[in-house]
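Report on the structure given below.
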Amino acid sequence: MSTHATASSGVQVCSLKRDTPQSIPANSPYTVIRFPFGAAESTDRFAMHQVEQPDGYVVTSWDTDDRSGLIWPSTAGWGTLYAMIQWEAGGYDELRDQFVRDPLGLTPSPNDTTATEHRPPSPGMQCWTKQWGLFVDPAVPLALRATHDDTVARKIVLAEFKLVIHEAA
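Using full-length UniProt numbering, the letters of the sequence shown map in sequence onto residues 1 to 169.
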């Protein structure tokens with residue numbers, strides 16, 4: 001059985017939500033934000049975020065395996081990525097996030113980043129949203145990554161990552 005939908009529907013959506021904390025190390029390189037499979041508020045009708053991935057790899061622990069942060073587009077087309085990240089309070093001077101094509105080196109063109117933002121902290125809770133458009137390909141997984149410059153590890157307490165694909169005619 002294929003892990004990708006084959007019927008044309010015009011618009012295909014994958015919507016992921018993480019509502020358990022993920023620790024991001026101090027002054028670390030960008031870290032893939034990981035998402036559970038089959039979570040109550042997640043939607044994956046087109047099989048873009050599956051335990052068994054299109055290349056045959058099987059994720060056994062979503063909370064520790066960076067592969068659980070991948071969305072594999074179900075079809076080629078124009079994609080719009082959306083993200084929401086909420087950080088715990090901390091001694092940040094800068095919070096950083098980005099979308100990335102192939103963050104784990106699974107294709108000949110790994111770590112193709114886009115929509116990278118470096119942000120000063122806001123007063124109160126650190127809540128950010130972003131969106132970005134790009135062409136997507138089923139052979140190239142996408143991820144949301146983040147990091148910070150605090151001197152201790154900090155937690156992302158809530159995150160969402162979404163892909164909407166408008167199929168090419």
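For each residue, glycine too, the CB sits at the ideal point set by N, CA and C.
Since the structure is predicted, the reported quantities are computational estimates derived from the model, not experimental observations.
Roughly how many whole angstroms lie between the Cα atoms of residue i and residue j?
i           : j    : result
D102        : M125 : 30 Å
W128        : A159 : 9 Å
M1          : M48  : Confidence is the limiting factor: at M1 the pLDDT is only 35, short of 50, which leaves the residue's position unreliable, though a coordinate-based value still follows. Looking at the two C-alpha atoms, the distance is approximately 14 Å.
I156        : I33  : 9 Å
Q50         : E167 : 21 Å
residue 178 : S28  : Because the chain spans 1 through 169 in this model, residue 178 falls outside it and cannot be assessed.
E117        : P36  : 25 Å
S109        : V100 : 11 Å
D65         : V59  : 7 Å
E41         : T114 : 26 Å
Of all the options the options, which has the alpha carbon lying nearest to the alpha carbon of residue i?
i    : options                : result
D19  : Y57, Q131, D63         : D63
L16  : P54, Y82, T147, T114   : Y82
Y30  : P123, P121, S109, L104 : L104
P25  : G38, L95, R45, L70     : L95
K162 : P73, T60, S61, D66     : P73
Check whether the Cβ atoms of residue i and residue j sit closer than 8 Å, and answer yes or no.
i    : j    : result
V140 : I165 : no
D97  : R145 : yes
A153 : S23  : yes
V13  : T43  : yes
Next on the checklist: Which complete beta strand (DSSP E) runs does the region 94-154 hold, if anything under 3 residues is left out?
Outcome noted: Runs of the beta strand (DSSP E) inside the region 94-154: 95-101, 112-119, 126-136, 142-148.
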